[in-house]
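Notes follow the structure.
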Amino acid sequence: MTPLAWIFMLTSVTSVTTLLVWCFKRVLTAPEKTPAEMKDFHNA
Amino acid sequence: MSQEKQQWGSRLGVILAVAGSAVGLGNFLRFPGNAAANGGGAFMIPYFISFLLLGIPIGWAEWAMGRYGGRKGMHSAPAIMGVWGKGAFARYMGAFGVLIPLAVYFYYVMIESWCLAYAWNYLQGGIGVATDAAVSDQIARSQAFLAETTGSGIDGFMADGGLHQSVVFWLIASVFNIYFVYRGLSKGIEKFCSYAMPAMAVIGFVVLVRVLTLPSNGPGQSVLDGLNFMWNPDFSKLSNPQTWLAAAGQIFFSLSVGFGVIINYASYMRKKDDVVLSGLTSSATNEFFEVALGGMITLTAAVVFMGVAMTSANTGGTFSTGFHSLPVVFARMPAGNLFGFLWFFMLFLAAITSSLSMLQPSKAFFEEALGLSRKGATTLVSAICIAGNLFVLYFSKDLVALDTIDFWVGTFLIFIVAGTQIVCFGWVTGVDKGLAEAHEGASIRIPRIFRFIIKYVSPAYLFTILGLFCYFNVPPYVRTILGDPEQGIEPNRNAILAWGVILATLALLLVVTAIGSKRWRAAGLDIDGKLPAPDETR
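Which chain is which? The protein sequence lines are A and B, in order.
According to numbering that gives the first Met the number 0, the residues represented by the first sequence are 0 to 43, in order.
According to numbering that gives the first Met the number 0, the residues represented by the second sequence are 0 to 537, in order.
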């Protein structure tokens with residue numbers, strides 16, 4: 000496997016994995032909505 | 000409107016549902032073949048550029064448009080796009096946002112049922128590929144099994160008097176889909192995706208570990224040779240417009256932007272739900288499955304067992320990669336039947352999380368445009384889908400009917416809908432208002448550079464790609480319908496019939512849009528986007 004293949008593979012896989020972990024960390028650690036906000040539904 | 004109100008149960012639920020819609024066969028089968036054929040590692044340069052300039056911004060626009068429409072009591076693409084496009088033209092263009100998932104379902108559930116059939120056969124001992132035969136013989140057997148399963152040899156293969164395996168698995172897949180869609184968003188689609196997505200990730204990891212620990216089968220047939228085949232960059236390909244077209248197409252179709260699903264799913268979110276982070280997370284999930292799993296598994300395994308030359312010759316497209324090459328890999332791999340079952344079951348899960356999302360937009364459309372109940376709308380959608388499925392199932396010769404719908408609806412029209420959406424978002428309603436709507440309840444801010452990207456770069460890039468696509472890819476498909484006497488090409492009957500099915504379905508949706516427009520106006524809904532949402536504070 001050539002050095003450039005290693006670089007492209009590791010960069011690509013690391014990039015998407017980092018983005019995924021960062022996003023899920025933000026989603027899972029963000030505070031849940033308050034009951035007042037939960038009532039704030041669209042009222043069609 | 001009188002239908003019962005539906006909402007997502009949790010933020011994670013909607014993310015997994017949208018990611019489930021996006022993650023499909025293309026992630027595991029189409030992406031690696033596309034990448035290897037278009038410069039390997041170098042393909043990732045246009046791929047990530049397209050991700051940043053098309054996938055992410057148009058995705059954010061669609062999420063924001065959908066949620067805003069939901070706040071106005073609208074859940075279908077025609078109604079919502081009418082609001083953002085401020086009039087009837089955008090509303091009728093929105094009918095394409097219902098046509099795409101509906102017509103794609105006509106054939107997608109067939110491919111889904113093939114995956115289930117393969118998984119079942121591997122569980123029963125394999126698909127008849129001899130473990131000690133030559134690779135060329137094994138590929139021939141794989142091709143024959145696929146032809147038997149799909150009936151690509153002759154039209155009406157399933158009407159031979161017996162109960163064909165494909166019909167059985169199509170029925171099972173159809174019942175699955177209809178059942179979970181009928182159960183509704185939270186109890187049906189969201190619940191299924193909340194189990195299926197983690198299950199896919201676990202199975203994907205198991206298969207990845209197995210592939211990366213395979214022993215070498217001789218010179219040029221090691222794991223590193225396989226990874227090199229996939230990732231070694233060929234920078235000369237970057238000067239070829241087809242490479243950029245392939246990269247943009249892969250991003251575009253993989254993320255499901257412009258498909259009519261995200262706009263519908265987002266319409267069930269609340270005003271303060273975060274569409275920016277949710278959109279980014281679902282895109283990131285899709286990219287992870289595509290690059291980190293799809294990019295590492297499929298071709299690597301194929302090279303280890305078939306060598307570079309045979310892999311190169313048999314992994315051009317989704318079908319050849321998934322249904323010709325991989326059965327050879329499983330025939331030669333220790334515990335191949337187990338891994339064959341796991342692989343095709345994972346593909347079945349990927350397909351079903353996508354097909355579920357294809358039914359919901361049309362169900363919501365019929366509910367709100369015709370005033371049908373959930374049961375009534377589900378019944379109507381099911382009847383249309385079964386008719387469409389039977390058409391694809393019966394006219395199976397060379398899979399031309401399937402391919403025709405896939406090209407014109409599942410590929411060409413997605414550009415049209417996405418183009419309409421980004422123009423409505425960035426120009427008709429205005430990018431500033433659009434981004435302000437997206438930022439409602441957002442825990443992260445969209446970088447300012449995206450104001451420029453959404454308004455200028457994404458539309459310009461998208462329409463350039465559409466132009467290239469029409470120039471390179473449309474003529475052969477036109478020839479299947481019209482024929483070409485100079486080249487001795489006769490019009491293909493199944494392609495013409497498929498066009499008839501597409502046009503008939505579109506006509507139905509346009510009529511329903513007209514009926515819905517009258518109903519929505521009579522109900523006092525702001526279908527031309529002239530008023531703020533009822534809960535708007537700005």
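In this text, a Cβ means the ideal position worked out from N, Cα and C, and glycines have one as well.
As the structure is a prediction and not an experimental result, all values here were calculated from the model.
Considering just the uninterrupted stretch of the alpha helix (DSSP H) at residue 55(B), what are its terminal residues?
55 to 70
Consult DSSP for residue 483(B) and reduce its assignment to one of helix, strand or coil.
Residue 483(B) falls in the strand class under three-state DSSP.
Give the list of continuous alpha helix (DSSP H) stretches no shorter than 4 residues that lie fully inside the stretch 216 to 253 of chain B.
222 to 230
Within a Cβ cutoff of 8 Å, which residues of the same chain sit near residue 1(A), ignoring the five residues on either side of it in sequence?
none
Is residue 171(B) helix, strand or coil when you go by DSSP?
Here residue 171(B) sits in helix by DSSP.
Applying a beta-carbon distance threshold of less than 9 Å, which residues of chain A neighbour residue 284(B)?
19, 22 and 23
Counting only beta-carbon separations shorter than 9 Å, does residue 210(B) have a partner in chain A?
no
My output table needs one value for residue 421(B): the three-state DSSP class, helix, strand or coil.
helix
Figure out for me which residue from 451(B), 368(B), 444(B) and 349(B) has the closest Cα to the Cα of residue 519(B).
The option with the nearest alpha carbon to residue 519(B) is 368(B).
Is the CB-CB distance between residue 329(B) and residue 338(B) below 9 Å?
Yes, Cβ-Cβ distance for residue 329(B) and residue 338(B) is below 9 Å.
Return the chain-ordered ranges of every alpha helix (DSSP H) run that is complete within the stretch 303 to 333 of chain B and spans a minimum of 4 residues.
The alpha helix (DSSP H) runs lying completely inside the stretch 303 to 333 of chain B and spanning 4 residues or more are 325 to 331, given in chain order.
Give me the Cα-Cα distance between residue 256(B) and residue 217(B), rounded to the nearest whole angstrom.
43 Å
Taking only beta carbons into account, state which residues of the stretch 8 to 24 of chain B come closer than 7 Å to chain A, listed in chain order.
10, 11 and 14
When the Cα atoms are used, what is the spatial distance from residue 567(B) to residue 313(B)?
Past the boundaries of the shown model lies residue 567(B); chain B is included only from 0 to 537, so the question cannot be answered.
With distances taken from CA atoms, which of 510(B), 387(B) and 524(B) is nearest residue 93(B)?
510(B)
In angstroms with no decimal places, state the Cα-to-Cα distance between residue 174(B) and residue 349(B).
17 Å
Closer than 7 Å, Cβ to any Cβ of chain A: which residues of the stretch 107 to 119 of chain B, in chain order?
none
Does DSSP classify residue 404(B) as helix, strand or coil?
In the three-state reduction of the DSSP assignment, residue 404(B) falls in the helix class.
For residue 488(B), does the three-state DSSP call read helix, strand or coil?
In the structure shown, residue 488(B) sits in a strand (DSSP, three-state: E or B).
Can you tell me which of 401(B), 532(B) and 512(B) puts its alpha carbon nearest to the alpha carbon of residue 492(B)?
401(B)
According to DSSP, is residue 444(B) helix, strand or coil?
DSSP places residue 444(B) outside both helix and strand once states are collapsed to three, so it counts as coil.
Taking 9 Å as the cut-off, decide whether the C-beta atoms of residue 425(B) and residue 457(B) are in contact.
yes
Taking C-beta to C-beta, are residue 538(B) and residue 62(B) nearer than 9 Å?
Since the first and last residues shown for chain B are 0 and 537, residue 538(B) lies out of range.
Quick one, are the C-beta atoms of residue 281(B) and residue 103(B) less than 9 Å apart?
no
Which residues of chain A have a Cβ atom closer than 8 Å to the Cβ of residue 442(B), listed in chain order?
25 and 29
Cβ of residue 438(B) within 9 Å of Cβ of residue 448(B)?
The criterion of a C-beta distance shorter than 9 Å is not satisfied by residue 438(B) and residue 448(B).
Report buried or exposed for residue 141(B), applying the criterion of at least 16 other Cβ atoms within 10 angstroms of its Cβ.
buried
Within 10 Å of its beta-carbon, does residue 235(B) have 16 or more other beta-carbons around it, so buried, or fewer, so exposed?
exposed
If I measure Cβ to Cβ from residue 192(B) and keep anything under 7 Å in the same chain, skipping five residues before and after, which residues do I get?
15, 16, 19 and 352
Given a cut-off of 9 Å on the beta-carbon distance, is the pair residue 327(B) and residue 220(B) in contact?
no
Quick one: Cα of residue 116(B) to Cα of residue 165(B), how far?
Roughly 7 Å separates the two Cα atoms.
Near residue 379(B), what residues of its chain come up, given a Cβ to Cβ distance below 7 Å and the 5 sequence neighbours on each side ignored?
365 and 371
What's the gap between the Cα of residue 132(B) and the Cα of residue 496(B)?
41 Å
Along the chain, where does the alpha helix (DSSP H) containing residue 209(B) start, and where does it finish?
Counted as a single uninterrupted DSSP element, the alpha helix (DSSP H) harbouring residue 209(B) occupies residues 190 to 211.
For residue 230(B), return the contacting residues in chain A, with the cut-off set at a CB-CB distance below 7 Å.
4, 7 and 8
Find the nearest neighbour of residue 376(B) within the set 107(B), 177(B) and 36(B), judged by alpha-carbon distance.
177(B)
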